[in-house]
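First to last, the sequence lines map onto chains V and U. Letter by letter, the first sequence follows residues 0 to 143 of numbering that gives the first Met the number 0. Letter by letter, the second sequence follows residues 0 to 143 of numbering that gives the first Met the number 0.
There are 2 protein chains.
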Amino acid sequence: MADIGGIAGQIARIREQANALVERELHERGIKGIVAAHGPVLAFLLRQSKPVPIKAVVKSVRRVKSTVTVTIRTLEKHGYLRKFPSETDARVTYVELTTKGRGLRKDFEEISRALRSKLYGNMSPKDRERLVQQLDKIEENLSE
Amino acid sequence: MADIGGIAGQIARIREQANALVERELHERGIKGIVAAHGPVLAFLLRQSKPVPIKAVVKSVRRVKSTVTVTIRTLEKHGYLRKFPSETDARVTYVELTTKGRGLRKDFEEISRALRSKLYGNMSPKDRERLVQQLDKIEENLSE
DNA sequence: GGACCATGGTTCGTGCACGAACTATAATCC
DNA sequence: GGATTATAGTTCGTGCACGAACCATGGTCC
Numbered sequence: 000m001a002d003i004g005g006i007a008g009q010i011a012r013i014r015e016q017a018n019a020l021v022e023r024e025l026h027e028r029g030i031k032g033i034v035a036a037h038g039p040v041l042a043f044l045l046r047q048s049k050p051v052p053i054k055a056v057v058k059s060v061r062r063v064k065s066t067v068t069v070t071i072r073t074l075e076k077h078g079y080l081r082k083f084p085s086e087t088d089a090r091v092t093y094v095e096l097t098t099k100g101r102g103l104r105k106d107f108e109e110i111s112r113a114l115r116s117k118l119y120g121n122m123s124p125k126d127r128e129r130l131v132q133q134l135d136k137i138e139e140n141l142s143e
Numbered sequence: 000m001a002d003i004g005g006i007a008g009q010i011a012r013i014r015e016q017a018n019a020l021v022e023r024e025l026h027e028r029g030i031k032g033i034v035a036a037h038g039p040v041l042a043f044l045l046r047q048s049k050p051v052p053i054k055a056v057v058k059s060v061r062r063v064k065s066t067v068t069v070t071i072r073t074l075e076k077h078g079y080l081r082k083f084p085s086e087t088d089a090r091v092t093y094v095e096l097t098t099k100g101r102g103l104r105k106d107f108e109e110i111s112r113a114l115r116s117k118l119y120g121n122m123s124p125k126d127r128e129r130l131v132q133q134l135d136k137i138e139e140n141l142s143e
């Protein structure tokens with residue numbers, strides 16, 4: 000990343016700090032096998048009420064499918080989710096959270112809340128609002 | 000990373016986009032062996048007028064020393080920098096950019112500029128200012 | 001001046017993320 | 001309906017980043 004002193008560096012550092020905070024929380028709560036990188040997959044699966052094909056996970060989490068393969072394997076290995084083949088299309092594999100996996104919901108929400116709270120600190124709602132909008136703008140700018 | 004829809008997710012995505020932009024630029028300019036992750040090391044060395052101990056690089060780039068070891072090896076392998084032992088303290092190794100390495104200055108600056116420019120888009124100077132301040136605040140909040 | 005601790009670097013093992021190649025199954029097209 | 005192409009997932013090799021262990025060497029302390 001160029002722009003060291005600049006805004007890109009700031010953003011990179013914030014991301015790292017946020018990651019570190021999540022890792023700390025997970026550790027403190029004694030949650031094993033989960034790291035910050037699993038967050039998007041977990042978040043997506045927590046929103047589902049029925050099994051979804053892995054393809055849908057890939058689409059949602061903005062990671063390349065080989066990455067998702069590994070993430071899912073890890074989550075499965077630790078008993079947070081279950082995989083099973085589709086009955087109608089032998090190419091597709093469905094995944095769904097196990098009871099243990101769904102049990103993460105509360106921690107997930109609390110950690111998200113803790114992160115946001117610490118990140119924003121005492122920033123006013125107006126400022127938060129504006130900040131998010133500016134970040135939206137930046138995301139848009141960068142993807143053109 | 001938890002907080003998918005939230006601000007942390009935004010920040011993570013922006014960072015990735017910024018990284019991707021830098022990688023694209025490097026590729027387009029035919030610069031080989033350099034990736035975005037080398038940026039901080041490069042930036043630091045470009046600011047130096049004489050060789051510095053690796054320790055100083057580690058301090059500057061906020062990466063663990065084993066990471067810096069590898070980064071420096073890569074940069075050396077591609078001829079961008081040179082390592083040599085201290086004469087007074089056999090434990091320390093100095094590094095300095097080669098001519099080829101110093102030749103990256105222009106590209107480095109241009110890429111930084113391009114990144115900032117694309118990232119900010121047409122955001123007003125006032126907004127940019129405020130944004131950077133807010134990010135500063137966030138960095139501070141997260142490191143308490 | 002020898003035992004002990006501190007410091008600067010490297011090595012090694014692990015995990016995430018990527019892209020390219022591969023496997024297997026489906027869908028299409030003639 | 002057989003060849004071709006598209007789709008879903010996995011595997012493999014590579015690079016970054018980390019922490020722990022390790023090697024030298026240098027400083028301290030008695």
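A virtual CB, placed ideally from N, CA and C, is assigned to each residue, including glycine.
Checklist entry - Are the beta-carbon atoms of Arg81/U and Thr97/U separated by less than 8 Å? => result Contact flag set, yes.
Checklist entry - Are at least three pairs of beta-carbons, each pair with one atom in the segment 61-80 of chain V and one in the segment 110-122 of chain V, less than 8 Å apart? => result no
Checklist entry - At which residues does the alpha helix (DSSP H) containing Lys64/V begin and terminate? => result 64-76
Item to check | Nearest to Ile83/U (by Cα), restricted to the options Val94/U, Arg90/U, Lys76/U, His77/U | outcome: A quick correction: the sequence has Phe, not Ile, at residue 83/U. Considering only alpha carbons, the answer is Val94/U.
Checklist entry - From Arg104/V, Val57/V, Lys64/V, Gly78/V, pick the residue whose C-alpha is nearest to that of Gly32/V; which is it? => result Gly78/V
Item to check | Any C-beta of chain V under 8 Å from that of Leu96/U | outcome: By this cut-off, Leu96/U is not an interface position.
Checklist entry - Expressed to the nearest angstrom, what Euclidean distance is found between the alpha-carbon atoms of Met0/U and Leu44/V? => result Low confidence applies to Met0/U: its pLDDT is 49, below 50, so where it sits in the model is not reliable enough to give any reading.
Checklist entry - Quick one: complete alpha helix (DSSP H) runs, 4+ long, within the segment 5-33 of chain V? => result 6-27
Item to check | Nearest neighbour of Arg62/V, chosen from Arg129/U, Val131/U, Ser142/U, Arg12/U [CA to CA] | outcome: Arg12/U
Checklist entry - Cβ of Val57/U less than 8 Å from any chain V Cβ? => result no
Next on the checklist: For Ser65/U, would you say it is in contact with chain V, using Cβ-to-Cβ distances shorter than 8 Å as the test?
Outcome noted: Answer no: the Cβ-Cβ gap between Ser65/U and chain V never drops below 8 Å.
Next on the checklist: Buried or exposed, going by whether 16 or more other CB atoms sit within 10 Å of the CB of Pro39/V?
Outcome noted: buried
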